[in-house]
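Before any comments, here is the structure.
Protein chains: 2
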Amino acid sequence: MAAWSSSPSLRHLLLLRPRVPLGPTCLAGSFSRRHVHSHSRRRLFSSASSSTLTHGDEASTHVDADGVVDVNPPRGTRDFPPEDMRLRTWLFDQFREVSRLMTFEEVDFPVLESEALFIRKAGEEITQQLYNFEDKGGRRVVLRPEITPSLARLVIKQGKSVSLPLKWFTIGQCWRYERMTRGRRREHYQWNMDIFGVPKVRAEAELLQAIVLLFQRLGITSSDVGIRVSSRKVLQAVLNMYSIPEHLFTEVCVIVDKLGKLTREEIEKELMSTGLSSEAVQGIIEVLSLKSLSKLEEVLGSGVEAVADLKKLFSFAEQYGYADWICFDASVVRGLAYYTGIVFEAFDREGKLRAICGGGRYDRLLSTFGSEDIPACGFGFGDAVIVELLKEKGLLPDMSRQIDDIVFPLDEELEGPASSIASSLRKKGRAVDLVEDKRLKWVFKHAERINASRLILVGNSEWERGMVRVKILSTREEFEVKAGDLE
Amino acid sequence: MAAWSSSPSLRHLLLLRPRVPLGPTCLAGSFSRRHVHSHSRRRLFSSASSSTLTHGDEASTHVDADGVVDVNPPRGTRDFPPEDMRLRTWLFDQFREVSRLMTFEEVDFPVLESEALFIRKAGEEITQQLYNFEDKGGRRVVLRPEITPSLARLVIKQGKSVSLPLKWFTIGQCWRYERMTRGRRREHYQWNMDIFGVPKVRAEAELLQAIVLLFQRLGITSSDVGIRVSSRKVLQAVLNMYSIPEHLFTEVCVIVDKLGKLTREEIEKELMSTGLSSEAVQGIIEVLSLKSLSKLEEVLGSGVEAVADLKKLFSFAEQYGYADWICFDASVVRGLAYYTGIVFEAFDREGKLRAICGGGRYDRLLSTFGSEDIPACGFGFGDAVIVELLKEKGLLPDMSRQIDDIVFPLDEELEGPASSIASSLRKKGRAVDLVEDKRLKWVFKHAERINASRLILVGNSEWERGMVRVKILSTREEFEVKAGDLE
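Sequence lines, in order, name chains E and W. Read in order, the letters of the first sequence correspond to residues 1 to 487 in UniProt numbering. Read in order, the letters of the second sequence correspond to residues 1 to 487 in UniProt numbering.
Written out as C-alpha cells, the structure is:
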C-alpha cells in the first residue's frame, strides 16, 4: 500500500481486524439543510467527528507529483463502505416504510438543477452557500441545496395531469458549498414529504404523524424528542399590529430565525435596519418568547388565523394520539424564505443536538416560479442528526452482515460440483458465498464474520457418493446430505 | 398555469386523465456508459424518445424575462414522477436481490469526484465527455462518468482493514457532458458488481451468473439475450506475435473497440497511425473476426493464457448452468482503457439495441492510482437499455399503485374520529389514505385509481353507535364494524 497521507494509514491502524464498527459515525455527520436549521450557528455544520466522514485535510491534493491519486473522496463528502451503507439502507428503509403507511408516492429529481430555481433574495444561508457553477454550455447550474423547489417544479410540469391532493416523498442528496470552512460536510441525504393541494392544517397534522411514526419505529419516545410548532402567521399578525408593510415579512422571518444564533441585540439591530420602529421590534421579540397558546390568544386576540390554525392542529394532535410529542413555541420561524403558515421542527429534549427535522407550509412558492399557487407543506429530515441521536440513545440496530450459505470445495478438483451447488442454491433464493483457495480455518472465521447460517463442504470422500457435508453454524450440528436434496 | 414553453402544455394535453402510462419510457432512455459501449456510434446516446425523458429544447432558458422558471430539469436529465419512480425502484430492487443472492455488499460514493480519478490518455470516449468543472476552491471535480475508479479508490483507502476477496455492488447515477449534441441524455443509473482479490476466472464466472440471474428474474430468456465473451489477452497474444511494444496495448484496444462504429478502413488507418505494420494490423483484424474457441486455439496455440482462461470460463458456464447464455466472440474488446483480461457484454439477439451491460477484468487499475495492484473484475449495467428491452418483450410488470385503506369522513364534524381511525390503522402497519373535502363519487374513483383494498366510511348514523362502514373494493362486499375492531 503506498503512503498517501497520514490519515489513511491511521485509519488502517484503527481498522485492524476485528473491525471496529465505524458504520454509525459515518452517517452521523453534521450537515443541516433546508428546514433543518439550527439554533446555534456554531453547531450548524460543525466539524465532522471522524476521518471516515469527511476529508478535512486542507493541504491534500488529488494527485501528487508521483501520480498518486488521493484515496479520499472530495472534501466534505463521504464514501459509504459496506458497514456505513447498511446503516444508511436501514434508515432509508424506515423513511420509506413510514411514507408507505402514509400513502405518499416516491419521486426523484436530478441532483443537478438550474440555479434559477434557488435564487432568492431574503438573505437565507441556504442560498448563500450554493454549490453552483457554469456548465460547458454556459448554463448556471447547481448541486441542489434542498429538494422543495424541484418538487414544486415537477408539480407545475405535471400540471392538470395529476389530481390533487398530491402526497409525494423523496430521499436525495443535497449539497452546499462554504468557501471558508475546514472539514465540514458538503453533502447530506434528506427525506422530504410534501403535500400539495390541501389548504387546511390537516396536511400539517398528517406530516407530524409521519414524523412521529418514524421516531416510534426507531425506538425514540416523546421523552427523548419533541416537536416545536408555531406559525408564521403569528409574526404576520404582529406585523399587522404595527402596520409594517407586507414586503418586509420574509426578510423579518429570515432575521428572527437567527434568534439563538445571534444575540438579541444583533437581531434587534438587523430588524431596525429593515426600517422597523423600535416599538415594533420589541413587539416582535416579545411575541416570539411565548410558549403557550392561551397566552398567544391573549396577545393577538382569538380572531387571528394564526391562533385558529394552531388550535386546530393541537386538537388534531389529540385525535391522532401524538399530543405528547408537540408543543407550541412562538420562537420557531424556520430559516427558509418561502414558509407562509405553520412551521415546526423536531428537537432532542436534552438540547444537545441541532434540529432533527423541520418543515412548514409554503402556500406561495409556486407563484415565485411564475405559476398559479397551490397550497403546500412539507418537511425535510436529514440523515445526520437522527443517527447522532440514535447513537447517543443506544438505539442503533445490529448492522452486521448476514448470509445463508458458504459453499467451500475442499479440493480444487471439486470446483465444478461447488459451482453447481452454489448456483442451484442461489436459484432457490439463498444468499450463497462461494469460497475457494482458502484454508478451512479461514473459512470458519469468515463464516463467523459474515454470520453465515450454513457451511456446505464439498469433499472428495462425500462427493464420490454424491453427498456434501453441511454444518449448521448456530448449533454446530453437522450432517451429510445428497447434493441434489439441498434446500 | 403560466405559459412556459410549448412542450409542457402539450404534455398536459397528453396527460388528460385517465393517465397515459408514461412510466416505462422514462427509464428507457439512451445513456450508455462504462462497459456499456455500443457498436454503433449513431445509436449510442441516441435522442430520447419522449419529452418526459429529457429536455431537448435548445432555445429554452431556465428563467425567462417575466421571472418564469423553466419547469424542465436541466438538459439531458430526468425527473422521476411517481409512475417512473415505481419502475426505477422495481428495477433497482431486482439489482439488489441478485446482489444479495451472490452475497455482494452494497457500497456508495459521492456523485462528485476528483477529476484526477478519470484522467486517462488512451482516447476513450468516456474521458472525452467528462462533466467536469472547477469548484470554488479551485479543485478540478467531475460528476462521475462511471463508478469503477471510485470503487478502486475505496479499496485502496480501506487497505488492510478488509479481507480479500471483496465483493461489492453499487447502484448510482453517472454523468457525461457532450457539447455538440441535442436532446441526448446526460445521466443514467448504473448497477455495478465488482470482485477484488480473485485472480482466477472464477470471479468472471460469478459475475456472469449474477447477470444471468437478473435476466431470469426479469423474465428474459437466453433466446432473447446472449453474452459475448472474449479476453483482451487475445489481442495481447496477437501483439506478441508481431512483437508490438507493450505500451501500445491499451491504445490498440480502444481503437479496435470502435469496430462497428467506424469502418474497417478507418480502424486500419488509426491502427497504422500508432506505428503498427500493415501485417500486424491485418493480423489483429483477422483474429478479431473469430467466433469459435477452437479456431482461436488453432490460431494462437493452446499454450496462451487467453485460450486457457476462456476455456476455463466456458467450462464454469456449464457447471453453473448458463452455458446457453454465453458465446465466444473475439471482436468484443470493450471501450475502457483499463481492462486486462476477460471482457464481456450482453446483447439482445435481435440486434436492435445497444449493449445491455458490459464488464471485464482490470488487474492493473490500482497501480495507475499509485497503489499496489489487486486483481479485480466487474461490470456495469445501465438502467436504459434493459427497460427498452423489457418494454419490447412486454415484460414490464404492472406498475400501478396499491394501498390498503381509504378513510373518508362523510361529514366535516367527523374529522376527529377519522383521524383516530387512520392513525391507529397506520400504527398497525396498514397504508392508509385519509381523504377529506371530496364528494363520495370522487372517493370511489380515487379508490379505483390507487387500487385501494378497503374503503372505510365514517358516517354520522354509524358513528353514533361507534361503528364505521367498510367496503371491500375487490368484492364490493359492505359491512359495519366497531371502529376499535378494525384490523
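Cβ atoms here follow ideal geometry from the backbone N, Cα and C, with glycine treated the same way. Small disclaimer: the values here were computed from a predicted structure and weren't measured.
Beta strand (DSSP E) containing G226(W): first to last residue? Looking at the DSSP string, the run of the beta strand (DSSP E) that includes G226(W) is V225 to S231.
C-beta neighbour in chain E for A346(W), strict 8 Å: So, not an interface residue.
Assign V254(W) to one of three DSSP states: helix, strand, or coil. If DSSP states are grouped into helix, strand and coil, V254(W) belongs with the helices.
According to DSSP, is P409(W) helix, strand or coil? Residue state, collapsed to three classes: strand.
If the cut-off is 9 Å on Cβ atoms, which residues from the segment 101-117 of chain W count as contacting chain E, listed in chain order? Against chain E - using a Cβ distance shorter than 9 Å - the residues of the segment 101-117 of chain W are L101, M102, T103, E105, E106, V107, D108, F109, P110, V111, L112, E113, S114, E115, A116 and L117.
Can you find the residues in the same chain that come closer than 7 Å, C-beta to C-beta, to E297(E), ignoring five residues on each side of it along the sequence? Only V307 meet the Cβ criterion.
Is DSSP giving Q140(W) helix, strand or coil here? Rather than Gln, the amino acid found at residue 140(W) in this sequence is Arg. Reduced to three states, the DSSP call for R140(W) is strand.
Go ahead and pull the three-state DSSP assignment for N132(E). DSSP places N132(E) in the strand class (E or B) of the three-state scheme.
Rounded straight-line distance, which links the Cα of D70(W) to that of S114(E): Roughly 9 Å separates the two Cα atoms.
Beta carbon of E478(W), beta carbon of V470(W): below 8 Å? It is a contact, given that the beta carbons lie within the stated cut-off.
Any idea which residues DSSP pairs M193(E) with across the strands? M193(E) is bridged to F169(E) and F379(E).
Is there a Cβ from chain W that is less than 8 Å from the Cβ of S420(E)? Among the CB atoms of chain W, one or more fall inside 8 Å of the CB of S420(E).
Mind pulling the chain E residues with CB within less than 8 Å of M85(W)? Those within 8 Å of M85(W) in chain E are E105, E106, V107 and D108.
Contact between the segment 73-93 of chain W and the segment 115-124 of chain W: three or more CB pairs below 8 Å? Using a C-beta cut-off of 8 Å, the segment 73-93 of chain W makes no contact with the segment 115-124 of chain W, since fewer than three inter-stretch Cβ pairs fall below that distance.
When DSSP labels each residue in this structure, what does E487(W) get in the three-state scheme? In this structure, DSSP gives E487(W) a state outside helix and strand, which the three-state scheme calls coil.
Would E106(W) and T170(W) qualify as a contact pair, given that the criterion is a beta-carbon distance under 8 Å? T170(W) sits close to E106(W), with the two beta carbons spaced by under 8 Å.
Let's see if you can read the secondary structure: which residues bound the beta strand (DSSP E) around residue 488(W)? Outside the modelled stretch of chain W, which goes from 1 to 487, sits residue 488(W), for which no answer is possible.
In the DSSP assignment, what residue or residues form a beta bridge with W463(W)? Answer is none; W463(W) lacks a bridge partner.
On the CB-based measure, 16 or more other CB atoms within 10 Å of its CB, does S367(E) come out buried or exposed? Its Cβ having fewer than 16 others within 10 Å, S367(E) is exposed.
Quick check: the Cα distance between E448(E) and T89(E), rounded to an integer number of angstroms? Distance between the alpha carbons of E448(E) and T89(E): 23 Å.
What residue ranges within the segment 348-374 of chain E form continuous alpha helix (DSSP H) runs of no fewer than 4 residues, ordered along the chain? Counting whole runs of 4 or more residues, the segment 348-374 of chain E contains the alpha helix (DSSP H) stretches 365-368.
Answer yes or no: do L143(E) and L112(W) have a C-beta to C-beta separation smaller than 8 Å? Yes, the pair counts as a contact, with Cβ atoms nearer than the cut-off.
In chain order, what residues of the same chain have a beta carbon less than 6 Å from the beta carbon of D433(E), not counting five sequence neighbours either side? I403 and I406.
Am I right that G351(W) and V254(W) are in contact with their C-beta atoms under 8 Å? What's the rounded C-beta distance? Actually they do not touch by this definition, with Cβ atoms about 23 Å apart.
Is the CB-CB distance between G76(W) and S231(W) below 8 Å? No, they are not a contact pair.
Using three-state DSSP, classify V332(W) as helix, strand or coil. It is coil, neither helix nor strand.
Segments assigned alpha helix (DSSP H), at least 4 residues, entirely inside the segment 247-320 of chain E: 249-256, 264-273, 278-288, 293-300 and 305-320, all fully within the segment 247-320 of chain E.
How would you list, in chain order, the residues of chain W whose beta-carbon sits under 7 Å from the beta-carbon of P81(E)? Residues of chain W passing the Cβ test: V107, L154 and Q158.
Can you tell me whether DSSP reads A152(E) as helix, strand or coil? Three-state result, A152(E): helix.
Any C-beta of chain W sitting closer than 8 Å to the C-beta of F95(E)? Taking Cβ atoms only, chain W never reaches closer than 8 Å to F95(E), which makes this a no.
Output the distance between the C-alpha atoms of T25(W) and K391(W), rounded to the nearest integer angstrom. Annotation note: pLDDT 36 at T25(W) (below 50); position unreliable, coordinate value reported separately. Roughly 8 Å between the two C-alpha positions.
Apart from the five residues just before and just after V304(W), which ones in its own chain have a Cβ nearer than 6 Å to its Cβ? The residues are A237.
Let me know the secondary structure DSSP gives A418(W) once reduced to three states. Three-state result, A418(W): helix.
Given a cut-off of 8 Å, decide if G359(E) and H188(E) are closer than it, judged by their beta-carbon atoms. The Cβ atoms of H188(E) and G359(E) lie no closer than 8 Å to each other.
Below-8 Å beta-carbon distance, Y177(W) vs any chain E residue: Any Cβ of chain E closer than 8 Å to the Cβ of Y177(W) would place that residue at the interface, and such an atom is present.
Are G219(E) and L395(E) closer than 8 Å when you measure CB to CB? Between G219(E) and L395(E), the CB-CB gap stays under 8 Å.
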